[in-house]
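First comes the structure, then the notes that go with it.
Quick look at the structure:
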């Protein structure tokens, strides 16, 4: 392979991308979705005990791959947030590497460097979804790898490339069936180029796909395939009306939110991002009229797969902050951005530079990088939580009751010495509440002041009040005589 100045630039850009990602983890701070982010760590504790889970708890939707990566880091460094951060960084590094290889294979060295800028600095929502070690980092890394190998197959189709493609698709399906949003368009994209020969060429890829898919099969075959029968996200939408409602939600809310966050007025960062994307999209359309129709077909196939999968699936019926359900769409966006900016450069260089700056700088400001207000808040949360755990240890507390968001990470940070028990029993993935049994337990309640005082009243206990950051904490003077009975009483008035 020829190593020229563009190759060196790609190496430099990859190093910058790694620095940006590393800065999201170090110095350590809480995650924006902290209790979800530590699930892989709790799962890694089970791996260390000799268990071999195929999926993370809470369903059979996402693989346990991060559990094994975290377990390896814990073995080397000891259990804690450093190993958890390195788990997320590992998937981030793979995503960057495979994205760069995909761009290099489709755009060439020079234009790949431009496109890679948009992979390094994606929209804030995409970064938030993928940096926490909660399953989506490996999904995006797998999708990028599949696209790269698809490009190689289209352009050459060597045996090793086809086998690697099959393995990537199979492994990705274990990570999540969401990877079909990329795998199916990639297969169609290959077929458009290779024609009838693709059927013969695909024969070696099939057993490789089975090998990659093997963890999924092993985790399902002896349990009646719960990934299909018990996985709410894999079910189809209930009616045509629901399909239309999902489509409307996707186009009016999720797609804009993935790229530009919420609208906040004409003079705002979201408005600036929207304008920049519009300008780049115009450049992309202009460029497609002259060349790049094959890449245009790939982008159209991915868009169609994302829209159809979301609209026709039960996962699409969930409302709220669900940009992660369509996040694979952004993996091909750097291709369109690179082509669009390059077209602008040929006509108005100042507009091209301004568009890149408008897309990159605001997103960097929105990340929780060191020095940002968001990072300062997350760091303060970690310090507050450390003081809170010291208090729990001092008072001999063995259970903290409250909202899953506020208490479940305590199971990880205390190495399971304190049970963080959520009031929604289904979210107690490892049944920390049930494992307390009927024995006496020293406990505390954490949450909003009104809800905590309600729990105090229903239990009829006396104790002391304190705070953990913005949260209200109550610690009874005496232990509860029966942990199971205490939980039943508390949950009877919890919402």
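In the numbering used here, the protein residues as written are -18 to 476. Idealized CB from N, CA, C, for every residue including glycine. Bear in mind the structure is a predicted one, so any value in this text is a computation, not a measurement.
- Distance from the CA of residue 127 to the CA of residue 304, rounded to the nearest whole angstrom, comes to 21 Å.
- Inside the stretch 335 to 411, DSSP marks whole alpha helix (DSSP H) runs of 4 or more residues at positions 354 to 376, 385 to 388 and 390 to 394, from first to last along the chain.
- DSSP, read as helix, strand or coil, puts residue 212 in coil.
- Considered as a whole, the stretch 400 to 475 harbours 413 to 416, 430 to 440 and 464 to 472 as its complete alpha helix (DSSP H) runs of no fewer than 4 residues, in chain order.
- A Cβ-Cβ separation of about 5 Å places residue 452 in contact with residue 427 under the 8 Å criterion.
- Between residue 265 and residue 320, the C-beta spacing is below 8 Å.
- Between the alpha carbons of residue 66 and residue 74 lies a distance of about 12 Å.
- The beta-bridge partner set that DSSP reports for residue 218 is empty.
- Between residue 170 and residue 310, the gap from beta carbon to beta carbon reaches 8 Å or more.
- If only complete runs of 4 or more residues are kept, the stretch 92 to 179 shows the alpha helix (DSSP H) at 105 to 112, 117 to 136, 140 to 156 and 161 to 175, in order along the chain.
- For residue 36, the three-state secondary structure derived from DSSP is strand.
- Under DSSP, residue 44 forms a beta bridge with 36.
- Within 10 angstroms of the beta-carbon of residue 281 lie fewer than 16 other beta-carbons, which makes it exposed.
- Residue 140 counts as exposed, since fewer than 16 other C-beta atoms from the protein chains shown sit within 10 angstroms of its C-beta.
- Residue 302 counts as exposed, since fewer than 16 other beta carbons sit within 10 angstroms of its beta carbon.
- Relative to the Cα of residue 331, the nearest Cα in the group 257, 42 and -15 belongs to 257.
- Residue pairing for residue 294: DSSP places it in a beta bridge opposite 217.
- Across the set 307, 219, 185 and 32, the C-alpha of 307 shows the shortest separation from the C-alpha of residue 234.
- Taking each of 1, -10 and 79 in turn and checking the Cα distance to residue 351, the smallest one comes out for 1.
- Distance check between residue 285 and each of -5, 465, 228 and 269 places 228 closest, using alpha-carbon atoms only.
- Here residue 76 has 121, 122 and 125 as same chain residues with Cβ atoms under 6 Å from its own Cβ, once five neighbours each way along the sequence are excluded.
- Contact annotation: residue 298 and residue 218 have beta-carbon atoms nearer than 8 Å.
- CA-CA distance, residue 54 to residue 389, rounds to 21 Å.
- Under the criterion of beta carbons closer than 8 Å, residue 260 and residue 336 qualify as touching, at roughly 5 Å.
- Take the alpha-carbon of residue 238 and the one of residue 292: they are about 17 Å apart.
- Closest in alpha carbon position to residue 33, among 439, 39 and 24, is 24.
- Between the beta-carbon of residue 369 and that of residue 385 there is about 17 Å, and that puts the pair past the 8 Å contact cut.
- In this structure, the alpha-carbon of residue 149 lies about 14 Å from that of residue 82.
- Annotation: the continuous alpha helix (DSSP H) that includes residue 241 extends over 236 to 241.
- Here residue 119 is buried: its Cβ has 16 or more other Cβ atoms, across all protein chains shown, within 10 Å.
- About 14 Å separates the CB atoms of residue -9 and residue 99; that is not less than 8 Å, and the two are not in contact.
- Sixteen is the threshold: since fewer than 16 other Cβ atoms of the shown chains lie within 10 Å of the Cβ of residue 203, the residue is exposed.
- Note on geometry: alpha-carbon atoms of residue 111 and residue 361 lie some 23 Å from one another.
- Here the alpha carbon of residue 105 sits roughly 31 Å from the alpha carbon of residue 147.
- In this structure, DSSP gives residue 56 a helical state, which the three-state scheme calls helix.
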